[in-house]
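Asker: Handing you a structure now.
2 protein chains.
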Amino acid sequence: MTNLYHEITPEGFGIAIEEDKYLFSDKSDFQTVDVFHSRAFGNVLTLDGLMMVTERDEFFYHEMIVHIPMLTHKNPENILVIGGGDGGTVRELLKYDSVKHIDMVEIDGMVIDVSKKYFPTVSCGLEDKRVSVLVQDAIDFIKGKENIYDVVLIDSTDPIGPGEGLFNENFYNNVKRALKSGGIVVPQTEGPFAQSENMQKTYKLLRKVFKFVAPYTGPMPTYPGGIWSWGFCSEEVNIPVSYSDINIKEAEKIENTCKLYNKDLHLACFKVPNFVKELANG
Amino acid sequence: MTNLYHEITPEGFGIAIEEDKYLFSDKSDFQTVDVFHSRAFGNVLTLDGLMMVTERDEFFYHEMIVHIPMLTHKNPENILVIGGGDGGTVRELLKYDSVKHIDMVEIDGMVIDVSKKYFPTVSCGLEDKRVSVLVQDAIDFIKGKENIYDVVLIDSTDPIGPGEGLFNENFYNNVKRALKSGGIVVPQTEGPFAQSENMQKTYKLLRKVFKFVAPYTGPMPTYPGGIWSWGFCSEEVNIPVSYSDINIKEAEKIENTCKLYNKDLHLACFKVPNFVKELANG
Chain R
858 MTNLYHEITP
868 EGFGIAIEED
878 KYLFSDKSDF
888 QTVDVFHSRA
898 FGNVLTLDGL
908 MMVTERDEFF
918 YHEMIVHIPM
928 LTHKNPENIL
938 VIGGGDGGTV
948 RELLKYDSVK
958 HIDMVEIDGM
968 VIDVSKKYFP
978 TVSCGLEDKR
988 VSVLVQDAID
998 FIKGKENIYD
1008 VVLIDSTDPI
1018 GPGEGLFNEN
1028 FYNNVKRALK
1038 SGGIVVPQTE
1048 GPFAQSENMQ
1058 KTYKLLRKVF
1068 KFVAPYTGPM
1078 PTYPGGIWSW
1088 GFCSEEVNIP
1098 VSYSDINIKE
1108 AEKIENTCKL
1118 YNKDLHLACF
1128 KVPNFVKELA
1138 NG
Chain Z
858 MTNLYHEITP
868 EGFGIAIEED
878 KYLFSDKSDF
888 QTVDVFHSRA
898 FGNVLTLDGL
908 MMVTERDEFF
918 YHEMIVHIPM
928 LTHKNPENIL
938 VIGGGDGGTV
948 RELLKYDSVK
958 HIDMVEIDGM
968 VIDVSKKYFP
978 TVSCGLEDKR
988 VSVLVQDAID
998 FIKGKENIYD
1008 VVLIDSTDPI
1018 GPGEGLFNEN
1028 FYNNVKRALK
1038 SGGIVVPQTE
1048 GPFAQSENMQ
1058 KTYKLLRKVF
1068 KFVAPYTGPM
1078 PTYPGGIWSW
1088 GFCSEEVNIP
1098 VSYSDINIKE
1108 AEKIENTCKL
1118 YNKDLHLACF
1128 KVPNFVKELA
1138 NG
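Top to bottom, those sequences are chains R and Z.
Taking our numbering, the leading residue of the first sequence gets 858, the next gets one more, and so forth.
Taking our numbering, the leading residue of the second sequence gets 858, the next gets one more, and so forth.
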């Protein structure tokens, strides 16, 4: 029988993927980093045994975390990515002519190196001259930063291990201070079905810090539960409810480059299931 | 180690669920029927080893197959359910005062019996006086029926085994003939990520038969890929694009009974990812 990779939640369910071939396994200063090849998903990256990226379905996550805030902002020029060492978020950001500079702050250099070697279609933007790759702890990096970024994307792991400090009121306050007027922050906010408790806690914190906070959701085949959420947070910008609330001309250009994103989905992704609303509101 | 139930697609990925306890296993005239209990999902029903129903996440599927057509139709009185032996679809249909009669045509009586015993919260409507439970092949049942149903829901298994004949042009033509004017048909149309080939074939057939054909999607945690699709098909009714296209007063009542469905999601679920549009259109 083929060897199966499993990610099983504490509740006792999850995903299984046939492993063809082990490609890499090592311990960094922060976590265990593994890469294997699978027939179903191409190369697969896991951190501490938890699914991070697969070549076949990474677009679901990266298109959603990037294009929703970027096409709601009027003119995003200066961007901060926290985490996201695989490079998929940066790749999507580089589609925008308006972007002048991207800081990517990833705590674990091994994730970046592994992505460059085993995920070339994901990490392809990391050498771009508009991108600064900073290997350091975002908790330190963000302290004292004021009025710098138009969009901040928190592309973190789960709130255990190295990602834990990124789900924290003090950290969110520092992120808010780093925003320019009209700025938008989007953290990944866990799976509403498989990590409902994590999600609920995260929204409690986000609502303490930001004026406008709303979840949006999308499918994510290799994350347990199959549905994922991101939090749209801002002091000045509310969620888009019509085409006039988004940069429609740019959205039409971007959707031609995407497997998932389109301008209709942009508005629709905020129309979440009742149980997701409840998790985010209470 | 706890025993794991797996459903692995031919491509080599899928779901895994910890089994607490085996409750039932038998072969009917059509398929192998198994029930086990799991901590994550409560009781779980599989047919020929493929996931059908779990107590915890069945609402995703049943709310979506039922409320989208029912609240788009002006006055649904007479309903046909093809398959759906677990009873979840009938349970959701019985929320409507407008419904005068439901025919449920399920080929496998063992599925009905097992659901009554092990899934009481799913099968609870099957004894209702508005429901006729008919244990027979829907392919024969539908032949020669004309101008009878307002809404037909094809709540079938995958297009292998007993469900195969329900993905067929001739069958769809017979279903169309059984519709009243203004009628709507919704078949489940497989997972766009995990069963993309099945989905594409199904839409090719549906477009040959019905004037209006459009996919809508929703999350489905225990089906491989985590995203599921249904086909909105009609000769007279196009997909809803605004509140005025749905029975908004009834929708507001129904959404209070649902974990997933709400009137915003009703419109949003038709705004599908680019790759889903491509599967349905080509």
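Idealized CB from N, CA, C, for every residue including glycine.
All of these numbers come straight from a predicted model, not from anything done at the bench.
Residues in the same chain with beta-carbon distance under 7 Å from residue 1083 of chain Z, minus the five sequence neighbours each way, listed in chain order, please.
Answerer: Result list for residue 1083 of chain Z: 1076, 1077, in chain order.
Asker: Could you tell me which uninterrupted beta strand (DSSP E) segments, each at least 3 residues in length, are contained entirely in the stretch 970 to 1053 of chain Z, listed from first to last along the chain?
Answerer: Entirely contained in the stretch 970 to 1053 of chain Z, the beta strand (DSSP E) runs reaching 3 residues are, in chain order, 988 to 992, 1006 to 1012, 1036 to 1044.
Asker: List the residues of chain Z whose Cβ lies closer than 8 Å to the Cβ of residue 1139 of chain R, in chain order.
Answerer: None at all; the shortest Cβ gap to chain Z is about 15 Å.
Asker: Could you say if the stretch 1023 to 1032 of chain R and the stretch 970 to 977 of chain R meet the contact criterion of at least three C-beta pairs nearer than 8 Å?
Answerer: They do not touch, by the three-pair rule.
Asker: Can you give the beta carbon distance from residue 1098 of chain Z to residue 1124 of chain Z, rounded, assuming they're within the 8 Å contact cut?
Answerer: Confirmed, about 7 Å.
Asker: Entirely within the stretch 877 to 961 of chain R and at least 4 residues each: give me those alpha helix (DSSP H) ranges in chain order.
Answerer: Here the runs fully enclosed are 915 to 929, 945 to 950.
Asker: Any beta-carbon of chain Z closer than 8 Å to the one on residue 973 of chain R?
Answerer: So no, residue 973 of chain R is outside the interface.
Asker: Can you name the start and end residues of the alpha helix (DSSP H) that residue 1105 of chain Z belongs to?
Answerer: Counting along the chain, the alpha helix (DSSP H) containing residue 1105 of chain Z begins and ends at 1105 to 1112.
Asker: Does the stretch 1100 to 1118 of chain R touch the stretch 934 to 945 of chain R, meaning 3 or more C-beta pairs lie closer than 8 Å?
Answerer: Not touching, per the Cβ criterion.
Asker: Which residues mark the beginning and the end of the alpha helix (DSSP H) in which residue 1133 of chain R is found?
Answerer: Start and end: 1131 to 1138.
Asker: Say whether chain Z places a C-beta atom closer than 8 Å to the C-beta of residue 897 of chain R.
Answerer: Yes, residue 897 of chain R lies at the interface with chain Z (some Cβ there is under 8 Å from its Cβ).
Asker: Between Z:1058, Z:919, Z:965, which lies nearest to residue 993 of chain Z when the distance is taken from Cα to Cα?
Answerer: If we check each option's Cα against that of residue 993 of chain Z, Z:965 comes out closest.
Asker: Determine the extent of the alpha helix (DSSP H) in which residue 1117 of chain R is found, giving its start and end residues.
Answerer: It is not in any alpha helix (DSSP H) - residue 1117 of chain R carries neither H nor E in the DSSP assignment.
Asker: Spell out a yes or no on whether the stretch 864 to 881 of chain Z and the stretch 867 to 879 of chain R are touching, meaning 3 or more CB-CB pairs, one atom from each, closer than 8 Å.
Answerer: The stretch 864 to 881 of chain Z is in contact with the stretch 867 to 879 of chain R.
Asker: Start and end of the beta strand (DSSP E) containing residue 1074 of chain Z?
Answerer: Start and end: 1069 to 1076.
Asker: Name the chain Z residues whose beta carbon is nearer than 7 Å to that of residue 1115 of chain R?
Answerer: The contacting residues are 1131.
Asker: Compute the distance between the beta-carbons of residue 1127 of chain R and residue 1071 of chain R, then report whether it is under 8 Å.
Answerer: Yes, these two residues count as a Cβ contact at 8 Å.
Asker: For the stretch 1035 to 1043 of chain Z against the stretch 1000 to 1008 of chain Z, are there 3 or more C-beta pairs whose distance is under 8 Å?
Answerer: The stretch 1035 to 1043 of chain Z is in contact with the stretch 1000 to 1008 of chain Z.
Asker: Would you call the stretch 1111 to 1122 of chain Z and the stretch 918 to 936 of chain Z in contact, with 3 or more CB pairs under 8 Å?
Answerer: A contact exists between the stretch 1111 to 1122 of chain Z and the stretch 918 to 936 of chain Z.
Asker: Can you tell me which of R:1120, R:1116, R:1088 puts its alpha carbon nearest to the alpha carbon of residue 1136 of chain R?
Answerer: Looking at the Cα atoms, R:1088 is the closest of the given residues.
Asker: Could you give the distance in angstroms between the alpha-carbon of residue 946 of chain Z and the alpha-carbon of residue 1016 of chain Z?
Answerer: So the two alpha carbons sit approximately 19 Å from each other.
Asker: By DSSP's criteria, residue 871 of chain Z is part of a beta bridge. Which residues make up the other side?
Answerer: R:873, Z:865, per the DSSP bridge assignment.
Asker: Taking 6 Å as the limit between beta carbons, can you name the residues of its chain near residue 1092 of chain R, skipping five residues before and five after?
Answerer: Taken in chain order, the residues that qualify are 1068.
Asker: Tell me the DSSP secondary structure of residue 1091 of chain Z in three-state form.
Answerer: If DSSP states are grouped into helix, strand and coil, residue 1091 of chain Z belongs with the strands.
Asker: Can you list, in chain order, the residues of its chain whose CB lies under 7 Å from that of residue 915 of chain Z, leaving out five sequence neighbours each side?
Answerer: Closer than 7 Å at the Cβ level, and outside the excluded window around residue 915 of chain Z, lie 945, 979.
Asker: Under 9 Å Cβ-Cβ, which residues of chain R neighbour residue 1125 of chain Z?
Answerer: Simply 1121, 1122, 1124, 1125, 1126, 1127, 1128, 1129.
Asker: Using a C-beta cutoff of 8 Å, does residue 875 of chain R count as contacting chain Z?
Answerer: Closer than 8 Å to some Cβ of chain Z, the Cβ of residue 875 of chain R qualifies, so yes.
Asker: Relative to the alpha-carbon of residue 955 of chain Z, which residue among Z:1119, Z:1073, Z:1107 has its alpha-carbon at the smallest distance?
Answerer: If we check each option's Cα against that of residue 955 of chain Z, Z:1107 comes out closest.
Asker: Which bits of chain R does residue 958 of chain Z rub up against, with CB to CB less than 8 Å?
Answerer: What residue 958 of chain Z touches in chain R: nothing, since even the nearest Cβ is about 29 Å away.
Asker: Against chain R, which members of the stretch 926 to 954 of chain Z pass a CB distance test of less than 9 Å?
Answerer: Listed by position, the residues of the stretch 926 to 954 of chain Z near chain R (Cβ gap below 9 Å) amount to none.
Asker: Pick out whichever of Z:892, Z:961, Z:1048 has its Cα sitting closest to the Cα of residue 995 of chain Z.
Answerer: Here the closest residue by C-alpha is Z:961.
Asker: Measuring CA to CA, which of R:1117, R:1119, R:1122, R:1134 is closest to residue 1119 of chain Z?
Answerer: Nearest option by C-alpha distance: R:1134.
Asker: Just to confirm my understanding: we take residue 1145 of chain R, look at its own chain, exclude 5 residues before and 5 after, and list those with CB closer than 6 Å. What are they?
Answerer: Because chain R is modelled from 858 through 1139, residue 1145 of chain R falls outside the range shown and cannot be assessed.
Asker: In whole angstroms, give me the CA-to-CA distance for residue 1051 of chain R and residue 933 of chain R.
Answerer: Distance between the alpha carbons of residue 1051 of chain R and residue 933 of chain R is about 33 Å.
Asker: Here's a check: name, in chain order, each residue in its chain whose Cβ is nearer than 6 Å to the Cβ of residue 891 of chain R, leaving out the five neighbours to either side.
Answerer: 882, 903.
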